[in-house]
Every structure is written in C-alpha cells, then in structure tokens.
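In my numbering, the protein residues as written are 30 to 547. Glycine residues also receive a C-beta, built at the ideal position from the N, C-alpha and C atoms. For clarity, every value in this text was computed on a predicted model and none was experimentally measured. Notes follow once the structure below has been shown.
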Ligand code: FAD
Ligand code: DLZ
Ligand code: SF4
C-alpha cells in the first residue's frame, strides 16, 4: 500500500533502510526544514546552510530517481516541527503507513514515537544500518563489563568486518594500534596541503544569502563556505584526502599549528554524519590505499580507528547510556560559559586560535576540541550543559549522538568515567609540546605562577586539588597526585591563588589578560 517515507536531515543516503523498498510509483518521500531543528541550539550558520543545502540536493536526486518528494522548506512551506510537517503531509497524502529510519537522537526518537498515537497510521521505525555495528552488538559488548573502553569494541569490529585483518585472523602489521608512531610535532618547515573546497552552487548561494537574516540567533561566519553538499562532491573529498593528506595523517594526528586549521585531518565527519558518505566506503578506501602501497600502516590504521573504532563506540555508548546521559555533572561544575566562546576574544593563543577557527569554519580538529577547548572547560569547571550545547551548535558535524559522548564523557569526564579511564586534563606543557601556539602567546607555558604564567598550568593543579576526593584513587593519576603531594605548601598556595584569580576575572566577565610586570 502507499506509504510516506519520512527522511531526516542526517539521513541523506539512497541506501537508507526506510528507502530501500520504496516504490516511486506509489510512495511519497517527506522531508522538512522545521523551525525547531534550526533553533534548538544556536547552530553555526555554515552548519545550517550545509544541512539544508544537502537536504535540498538530496530531494532533487530523489526526484530525478522518479520519486514524489513532499518537501517543506523553511522559506515557502514553513513548519514548526517534524510532527507539524507530517500532519500537513498527511492532509495531502492520506496514507495509512509511515516509514522512517530511527532518528539519530533521543529527542527526535521521542517525538517520532508519538506519531502512531497522534495520527491514524501504522508506524514502521527501522534500524539505521549505515553503521558497522547494530545497537544490539554494543549492548552485548556492554553486558557484564565493568568498563566500556573503545579499544575492545574496535578490535571486535576489526574481526567482524575483516578491515585491516590478515587471513589468519591477525591484525595487519601484527599490531592493533600504532598510536605510539602518531604523536609527532609538525616541523617548522612543513605546511600541510589544504583540503578540497567546493564553490557554492545556486542552491547553496541562495541559502547563504538568507541565513544571516533568517536565523538571527545562529553563530559563526557564513562567509568562506566551501563544504560539499552532494554525494558526488563528497566522494571527491575522500579521493583528495587519501591522496594528499592521509599519508601523513598518522604522524601528525595529534599536532596543532597556527599554520593550518586542518593539518592532515580528513574533514569528512559532516559528510559521513549526514549520510552523503557511508563509513564503510570511507574505511575501505583508506584500507585500499594501504594495501596498494600508497599510505603507511600507521596512517591507515590511525584513520580507520577513528571511524570503525571511535565513531561506532560513541554511537553505541550514546544509546546504551539512555536518555538521561548528559544530565548530571560528576564534578558538580557550574561555571557559566564565558563570552569569549562566542567571539574568540581571549589572550590565550591556543584557545584564541581554536575558538576563532571554529567560529570561522564550523570546524576544529580533534585535538583542538579535546586538548585545548575541552581541556580548558574541564579545568575551569564550566557547566557541562552549557559546554555541550556550545559544541552541539558550533561544529558542522555536530549531532547529539556523537557530540554528547565526546564532550560530556571524553572531554569533561562529567559522566564520572563511564567513557574515559581518566580525565583528559593537561597543563600548558602538553599544548607547548604538541603545537606551535605558545611561541606567539603572551603567556609563558614554562611558568606556573606570576603575571605571564600560562593559565593552563595553575588551572591544572587547581582541578586536581579540588577534585582529589573523586580522582585521588585513579591509578592513571597516581603520578600527578604524587607530584602534588610532594610540592611544598607555599608553591601549592601560590598555584591555587593564581588559578583562583584567573577564574575570578573570568567570572566577572573580564577576558583574562596576562598582566605585564613593571
Ligand atoms: P579526522 O580526524 O580526520 O578523523 C576521521 C573521521 O573519524 C572523522 O571524520 C569522524 O567521522 C571520525 N572520528 C574521529 N574521531 C571521532 C570521535 N572521537 N568520535 C566519533 N567519530 C570520530 N565528531 C563528530 O562527528 N561530531 C561531533 O559533534 C563531535 N564533537 C566532538 C566534541 C569533542 C569535545 C571532541 C573531543 C570530539 C568531537 N568529535 C565529534 C570527534 C572528532 O573531533 C571529529 O569527528 C573530527 O574532528 C572531525 O574532523 P575530521 O573529519 O577532520 O576527522
Ligand atoms: C541539525 C538539523 C538542522 C539544523 N536542520 C534540520 C532540518 O531542517 N531538517 C532535518 O530533518 N534535520 C535537521 N537537523 C538535524 C536534526 O536536528 C536531527 O539531528 C536529526 O533529524 C536526527 O536524526
Ligand atoms: Fe596556550 Fe599557555 Fe601556550 Fe599560551 S602559553 S598558547 S595559553 S598553552
């Protein structure tokens, strides 16, 4: 019988479970740009344009395949919510069955679950099988395990998919993990090649012209938009990445530099998350490059681990933890998000770069997100709810299922260690080792106290000291706590005072500045 197939903005794959058996002769595909989705956080302008443009292009592709697409664009057919859009669609197409692939977040799943009661329809919610592992595989993995660590889930998926595996069941290169090769600092004379960008076509251009005015609460710059919005262009982005950046992806995976906001990273997360690319094809392309001798194993494994390992693991964790994951704060952190998160106006060079690049490009690479911005939020005790909302708003690839475990679990340790075995807390010395930010900073990463001491240093000790009851027994923090205990009382007091004076300035709404001596 005739059905409505409801396709969401992160389901732009023609192989989607809800479209697989669709019949162009009788089914109607419904897509919508509801106001609620554009405004539930102040999304980055490039993120809004990216999603809406990719949706409009996808609708065009479906029409070319012969489908009738009932599309509620926000300009000519405004809707408030997905439910509102379905109600209008059912008026025009009074069908008895609605089919949808399960939404990527609890909020929308809750809304969709009410449809069978609200409307006179049967509702078929299908699993999203664009991932390597069904949710049941994560549930099985989690059963009877005290600790849910990525590494074991990843190895399991290497085995079940055969990716980077030898015929005898051993991992290619005889090792599961090449991380120890992947911590190089970028040499001064090395300049990473730029990623492939795409000139906005008429659909994207129209959105770019309207987005600033139509979404006044959105954040970030829309100028300089160069994201792919079609599958064809996203496929070109994979090829370009594999040829130009994957070979050194592993070596410089953890590096940060003022010379490049993208280093050797892929910039594929947005495309994968909205469905323009499938994780399987991206991993297989990297594996082929390794097997054809184009890239070394540390690059191929390092990259594949991000998608087959981290991406699958965070997705499993998000659904496994339930809808209340993200609602509490292990450290009882309550400090409001400082204003400089929205304008980058902060004297700390690493934070300034990471936040400004985020607001300019809707992108920052993993180490900037984790070890600069996330680390700062963790050490200074920012409220996890506000921090998570910020991350959900500002990145091109931000959808709750992937953003929340990464921010709340990994960066903020706000789940008390369900995701990470220890907080990713680091002082300025780590940032200095992994980046070239510090040489051009008004602060000194080698100083702990004094007017030009790097704030990360005192904040690091302040964080460990104030959370000693919760973290003191963590075996992975034994060394820093021993160092803290062995410090003399005056040094400790000076560090605590240094951190408190920084936090006080921040609480007063002042952008902390290094005060000059003399
Ligand atoms: P690369 O570094 O080139 O990695 C390749 C691919 O691996 C990515 O495209 C992505 O699909 C996947 N990947 C890498 N790391 C992760 C990870 N930790 N979790 C899931 N997938 C991963 N990623 C998102 O897709 N959406 C988010 O909202 C998001 N929020 C984050 C928030 C914080 C605090 C942190 C620390 C990380 C977050 N990440 C998020 C993970 C990671 O930073 C991004 O996936 C990555 O920076 C995207 O850029 P890229 O495509 O150049 O990635
Ligand atoms: C994030 C987002 C935005 C900004 N706009 C839309 C939209 O117009 N239509 C849509 O279907 N989805 C949008 N999304 C993604 C949703 O908020 C949500 O994350 C997904 O629908 C979950 O599967
Ligand atoms: Fe960041 Fe400190 Fe280095 Fe400045 S000195 S760039 S604040 S780590």
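Legend entry - Residues near residue 303 in its chain [Cβ-Cβ closer than 6 Å; skip 5 each side]: Cβ neighbours of residue 303 beyond the five flanking positions: 39, 41 and 83.
Inset, instruction - Flag residue 206 as yes when its Cβ comes closer than 7 Å to any non-hydrogen atom of the ligand FAD, and as no otherwise. - result: no
Inset, instruction - Return the residue from the list 347, 314, 474 and 345 that minimises the CA-CA distance to residue 333. - result: 314
Inset, instruction - Determine, using beta carbons only, whether residue 364 and residue 409 come nearer to each other than 8 Å. - result: yes
Inset, instruction - Quick one: which unbroken beta strand (DSSP E) runs of 3-plus residues sit fully inside the stretch 93–147? Chain order, please. - result: DSSP runs (the beta strand (DSSP E)) wholly in the stretch 93–147: 97–101 and 126–130.
Legend entry - Touching by the beta-carbon criterion (3+ pairs, under 8 Å), the stretch 408–424 and the stretch 311–326: no
Inset, instruction - With the ligand SF4 as the reference, list in chain order each residue whose Cβ lies under 7 Å from any of its heavy atoms. - result: 377, 378, 379, 380, 457, 460, 461, 466, 467, 470, 472, 473, 474, 483, 484 and 485
Legend entry - Those residues which DSSP pairs with residue 248 across a bridge: 73
Legend entry - Host alpha helix (DSSP H) of residue 155 (start-end): Where residue 155 is concerned, there is no enclosing alpha helix (DSSP H), although the beta strand (DSSP E) it sits in stretches over 151–155.
Inset, instruction - Name the residue from 456, 448, 192 and 459 whose alpha carbon lies nearest to the alpha carbon of residue 354. - result: When C-alpha distances from residue 354 are compared across 456, 448, 192 and 459, the shortest belongs to 448.
Legend entry - Cβ separation of residue 175 and residue 425, assumed to be a contact under 8 Å, to the nearest whole Å: Contact doesn't hold; Cβ gap of about 36 Å is too wide.
Legend entry - Closest residue to residue 115 among 272, 100 and 104 (Cα-Cα distance): Among 272, 100 and 104, the Cα nearest to that of residue 115 is on 100.
Inset, instruction - Pull up the distance between the alpha-carbon of residue 543 and that of residue 286, whole angstroms please. - result: 22 Å
Inset, instruction - Give a single yes or no on whether residue 498 has its beta carbon closer than 7 Å to a heavy atom of the ligand DLZ. - result: Distance from the C-beta of residue 498 to the nearest heavy atom of the ligand DLZ is not below 7 Å.
Inset, instruction - Assign residue 298 to one of two classes, buried (16 or more other C-beta atoms within 10 Å of its C-beta) or exposed (fewer than that). - result: Sixteen is the threshold: when 16 or more other Cβ atoms of the shown chains lie within 10 Å of the Cβ of residue 298, as they do, the residue is buried.
Inset, instruction - Indicate, with yes or no, if the ligand FAD has a heavy atom lying under 7 Å from the CB of residue 122. - result: no
Legend entry - residue 492 and residue 407 closer than 8 Å at C-beta: yes
Inset, instruction - Evaluate residue 106 with the Cβ neighbour count: other Cβ atoms within 10 Å of its Cβ, from every protein chain shown; 16 or more gives buried, anything less gives exposed. - result: exposed
Legend entry - Residue closest to residue 209, alpha-carbon to alpha-carbon, out of 230, 383, 279 and 156: Distance from the Cα of residue 209 is smallest, within the candidate group 230, 383, 279 and 156, for 279.
Legend entry - Neighbour flag for residue 173 against chain B, beta carbons, 8 Å: In summary, chain B is missing from the structure at hand, where a single protein chain is found.
Inset, instruction - Determine the extent of the beta strand (DSSP E) in which residue 60 is found, giving its start and end residues. - result: 57–61
Inset, instruction - With distances taken Cα to Cα, identify the nearest neighbour of residue 220 among 515, 525, 510 and 465. - result: 465
Inset, instruction - Compute the minimum distance between the beta carbon of residue 5 and the heavy atoms of the ligand DLZ, and state whether it is under 7 Å. - result: With the chain covering 30 to 547 only, the question about residue 5 has no answer from this structure.
Inset, instruction - Within 10 angstroms of the Cβ of residue 387, are there 16 or more other Cβ atoms? Answer buried if so, exposed if not. - result: buried
Inset, instruction - Taking residue 216 as the reference, give the member of 33, 463, 152 and 141 with the closest Cα. - result: Of the listed residues, the one whose Cα sits closest to residue 216 is 463.
Legend entry - Coarse secondary structure for residue 455, derived from DSSP in three states: coil
Inset, instruction - Output the distance between the C-alpha atoms of residue 283 and residue 274, rounded to the nearest integer angstrom. - result: 14 Å
Inset, instruction - Pick helix, strand or coil for residue 215, following the three-state DSSP scheme. - result: coil
Legend entry - Cβ shell of residue 312 (< 6 Å), same chain only, five flanking positions each side left out: 192, 333, 336 and 337
Inset, instruction - Would you give the residue range spanned by the alpha helix (DSSP H) that residue 184 belongs to? - result: Here the alpha helix (DSSP H) through residue 184 covers 179–190.
Legend entry - Distance between residue 198 and residue 236 (C-alpha atoms, nearest Å): Within the model, the alpha-carbon separation for residue 236 versus residue 198 is close to 50 Å.
Legend entry - Length of the line joining the Cα atoms of residue 90 and residue 234: 18 Å
Legend entry - For residue 165 and residue 272, the rounded distance between their alpha carbons: 36 Å
Legend entry - Alpha-carbon spacing of residue 49 relative to residue 155, whole angstroms: 11 Å
Inset, instruction - With a threshold of 7 Å, establish whether the CB of residue 215 neighbours any heavy atom of the ligand DLZ. - result: no
Inset, instruction - Decide if residue 261 is buried, meaning its Cβ has at least 16 other Cβ atoms within 10 Å, or exposed. - result: Exposed, because fewer than 16 other Cβ atoms sit within 10 Å of the Cβ of residue 261.
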